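Asks:
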Amino acid sequence: MEIESVRCECCGLKEDCTQDYIKDVKAKFDGKWLCGLCSEAVRDEVSRSKKQFGVEEAVKAHMSFCGKFKSNPAVRVADGMRQMLRRRSGDLSNTSSFPSYSNKFTRSATTKLY
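Numbering (the working numbering), first residue to last: 527 to 640.
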């Protein structure tokens, strides 16, 4: 089994994967390799779409979405995980539960959330 480093064509995140896995993912997503987060977003778009998106259209839509945010993919992943954890705890605004980090990780009022 040979491991290869591959970059997500949506968000740019790099992952180390086997060639068989890369081939399987590309077969599912119109020849494009997507990381786990982007592939889940595309699958979700296909299943929830009122317009009956096919995989190709959902991949294009997600690539367009990712293209609007040109920051480091690792920062976006960490940001998404932080937002998800806050949503699950029922608290999007309260950073006081993390007092030592409250100033370091808060967003300004002008920062857009995805």
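From the three backbone atoms N, C-alpha and C, an ideal C-beta is built for every residue, glycine too. Predicted model only: the values in this text are computed from it and were never measured.
How long is the line joining the alpha carbons of leucine 611 and alanine 604, rounded to whole angstroms?
Replies: For the purposes of this step, residue 611 is taken as residue 85 along the sequence shown, with counting starting at 1. For the purposes of this step, residue 604 is taken as residue 78 along the sequence shown, with counting starting at 1. Looking at the two C-alpha atoms, the distance is approximately 11 angstroms.
Asks: Please classify serine 565 as buried or exposed, where buried requires at least 16 neighbouring CB atoms within 10 angstroms.
Replies: In the sequence shown, counting from the first residue as 1, residue 565 sits at position 39. That one is buried.
Asks: If I measure Cβ to Cβ from alanine 600 and keep anything under 8 angstroms in the same chain, skipping five residues before and after, which residues do I get?
Replies: The residue you call residue 600 lines up with position 74 of the sequence shown. Excluding sequence neighbours, alanine 600 sits near Leu539.
Asks: What residue range does the alpha helix (DSSP H) around aspartate 546 cover?
Replies: Mapped onto the sequence shown, residue 546 falls at position 20. Its alpha helix (DSSP H) spans residues 545-554.
Asks: Where does alanine 477 land, buried or exposed, given buried means 16+ other C-beta within 10 angstroms?
Replies: Here the chain has residues from 527 to 640 only, and residue 477 is not among them.
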